[in-house]
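Right, one structure below, let's go through it.
Residue numbers (our numbering): 260 to 425.
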């Protein structure tokens, strides 16, 4: 159910691209497209095209299914270093400084949300039924042990009072 798209030799440093990519990682496809559309960075256009390409790849693999029915999300986005062009710039006293023009590679993976049965069991507060059961058992066990500790402290205090009075 996954679809992959790769953007190679993107002439922006990986550091700058990773800041943009963090905004769409783990987000639904429609939300990711909206986030990219309203960012002011000029590099978002290429990432938006990459996301649309990944959507087209998913649609090509799953022709019998529609995108609207499946809730797709960006499961992972990896940013790596591409090639580096090395140039020289003249510096004072006949020297030269090295300039590195860094490129990046972006790999985007779409997946279907693991969630029809999870989303049904989530209530208004956002806790699942199983987690509530675990919390209830922990509270009851915790309260029982807390009560035992309080009783032990009372017994110790009573024993200390008896020793003092004797």
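Even for Gly, the Cβ is constructed at its ideal location relative to N, Cα and C.
Computed from a prediction, not measured in an experiment: that's the story for all the values here.
Considering only the beta carbon of each residue, do residue i and residue j sit closer than 7 Å?
i	j	result
residue 312	residue 264	yes
residue 372	residue 330	yes
residue 283	residue 268	no
residue 338	residue 280	yes
residue 336	residue 261	no
residue 363	residue 273	yes
Going by DSSP, name the residue or residues bridged to residue i.
i	result
residue 331	371
residue 319	DSSP, once it has assigned bridges, lists no residue as partnering residue 319.
residue 301	BP columns for residue 301 are empty, so no partner.
residue 361	343
residue 262	369
residue 355	349
residue 337	366
residue 287	332
So residue i and residue j are in contact, right, with Cβ under 8 Å, and what is the actual spacing, rounded?
i	j	result
residue 357	residue 347	6 Å
residue 305	residue 344	Not a contact, Cβ separation roughly 18 Å.
Does the beta-carbon of residue i, which I'm using as the reference point, lie nearer than 6 Å to any heavy atom of the ligand MN?
i	result
residue 353	Ligands in the displayed structure: none, and consequently the ligand MN is not present.
So is residue i in contact with chain D if we call contact Cβ pairs under 7 Å?
i	result
residue 347	The chain inventory of the structure shown lacks chain D, comprising one protein chain alone.
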